[in-house]
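In our numbering, the protein residues as written are 17 to 110.
Don't be surprised by glycine CBs; every beta carbon is placed ideally from N, CA and C.
Fair warning: this is a prediction, and the values are worked out from it, not measured in the lab.
Notes to accompany the following structure.
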């Protein structure tokens, strides 16, 4: 699998007070969970062993792959903490 670009950093504040750092291109809500994914190029064989969340119609090897799944009930707040390699978040990440 080869990433299409450098993922962004997301801060996910949990209801218990913890903070999770997730590197992903984006997220969606599916089945009561936040699902974070990355855009990648992956062979069909490789795709069989990962959670593919979306496919491009013009290139069967260009897919979105899930990198984290967090129950929405466990999330207090989330936000982008940086686009690509640049970090731009001022929140407390301790």
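In terms of CA proximity to residue 48, 85 leads the group 98, 96, 99 and 85. Secondary structure at residue 90: helix, using DSSP grouped into helix, strand and coil. By the CB criterion at 7 Å, residue 36 and residue 28 fall inside the cutoff. The beta carbon of residue 18 lies closer than 7 Å to those of 56 and 57 in the same chain, with the five residues before and after it left out. Note on geometry: alpha-carbon atoms of residue 90 and residue 31 lie some 5 Å from one another.
Residue nearest to residue 50 within the set 74, 60 and 69 is 69 (criterion: CA-CA distance).
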